[in-house]
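Visitor: The structure under discussion is supplied below as structure tokens; questions concerning it will follow.
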Amino acid sequence: MSTDPSSSTADAAQPARQLRGLAAPPPPTGLSPGSGAVAAPAEAARPDTTIVDSTGRGGASVALTFDDGPDPVATPRLLAVLREQHVRAVFSLWGEHVREHPELVRAIAADGHTLCNHTMHHEDMGSWGPERIRADLARTSALIHRAAPAAPIRHFRAPYGSWGSTPEVAVQLGMQPLGWRLAIGDWEPPGTDELVRRLVEGITPGAVVLMHDGGGDRTQTVEAVARIIPELRSKGWHFDTPARHG
């Protein structure tokens, strides 16, 4: 999530505005890695205005999500890691980057990952009216569909976590609002070891995890993902997708 909504280049340090609502709600209690699935399949219901932050299954499940791509350097590297590890994730796509790199959207979809609308210019929509929101989301979705016509766009994520009226509009366009339970702060790369530590210590049962494959140098994020997947699996975790309803 870039700190400059009008920029499609590198992130800068601006934590106060970076993610509104960064502090996640408390994790569900009574769950531990290895416990069974507790919910129906995620695609069982129509989207609603709930901002989902979990897989809907609980237990030892976690969903990996990546914002601000596609990026010509980080996204192919990340796709290679996920392919090798047999993990599917969610990619929240920035419209301007989709326009620049439609072949990467096709690659994401071809590998079976879930597509998410992350707006056209990564602007703060918290104060926008519904019609302005609708025009932006529709334009972004049109670019994604042009790049990957057969791939559904299942989710919408608001830049900076600034939701405003966006959940209602997203649902009208067939997309479930997608939040997160854990954001590891990779927009200010702290080192791969630190990112791995934040993942290990921060992941809770059913959590949606927010990371980035665009908006800056994401080398550390890709390296952290390559390390965390086998580590979590060795502890009994499995990788899932976010719920499609609240």
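Residues 103 to 348 (the working numbering) make up the sequence shown, in order.
The C-beta atom is built at its ideal place from N, Cα and C for all residues, glycine as well.
Since this is a predicted model, take the numbers as computed values, not measurements.
Which of the three DSSP states is assigned to Asp315 in this structure?
Guide: Position 213 of the sequence shown, counting from 1, holds the residue named residue 315. Coil, per DSSP.
Visitor: Return yes when the Cβ of His199 is within less than 8 Å of the Cβ of Gly316, no when it is not.
Guide: In the sequence shown, residue 316 corresponds to position 214, counting from 1. In the sequence shown, residue 199 corresponds to position 97, counting from 1. Yes; because the gap between Cβ atoms is below 8 Å, this pair is in contact.
Visitor: In the DSSP assignment, find the alpha helix (DSSP H) that holds Ser163 and state where it starts and stops.
Guide: Indexing the sequence shown from 1 puts residue 163 at position 61. It is not in any alpha helix (DSSP H) - Ser163 instead sits in the beta strand (DSSP E) that spans 163–171.
Visitor: List the endpoints of the continuous beta strand (DSSP E) containing Arg256.
Guide: Residue mapping note: residue 256 aligns to position 154 of the sequence shown, counting from 1. First-last of the beta strand (DSSP E) with Arg256: 255–258.
Visitor: Helix, strand or coil: which one does DSSP assign to Pro291?
Guide: Here residue 291 refers to the residue found at position 189 of the sequence shown. Three-state DSSP puts Pro291 in coil, outside helix and strand.
Visitor: Among the residues of its own chain, which have a CB less than 7 Å from the CB of Leu245, if the five just before and after it don't count?
Guide: As a position in the sequence shown, residue 245 is number 143, starting the count at 1. Beyond the five residues adjoining it in sequence on each side, Leu245 comes within less than 7 Å, by CB distance, of Gly197, Val200, Arg201 in the same chain, given in chain order.
Visitor: Determine, using beta-carbon pairs with one atom in the region 233–243 and one in the region 215–225, whether at least three such pairs fall under 8 Å.
Guide: yes
Visitor: Please state whether DSSP places Leu217 in a helix, a strand or coil.
Guide: Locating residue 217 in the sequence shown gives position 115, counting from the first residue. DSSP places Leu217 in strand when its eight states are reduced to three.
Visitor: Using the rule of at least 16 other Cβ atoms within 10 Å of the residue's Cβ for burial, across every protein chain shown, is Asp342 buried or exposed?
Guide: Locating residue 342 in the sequence shown gives position 240, where the first residue counts as 1. Label assigned to Asp342: buried.
Visitor: Would DSSP call His247 helix, strand or coil?
Guide: Residue 247 sits at position 145 when you count from the first residue of the sequence shown. Look at His247 here: in three-state DSSP terms it is helix.
Visitor: Tell me Pro279's beta-bridge partners as DSSP assigns them.
Guide: Translated into the one-based positions of the sequence shown, residue 279 becomes position 177. Its beta-bridge partners are Phe258.
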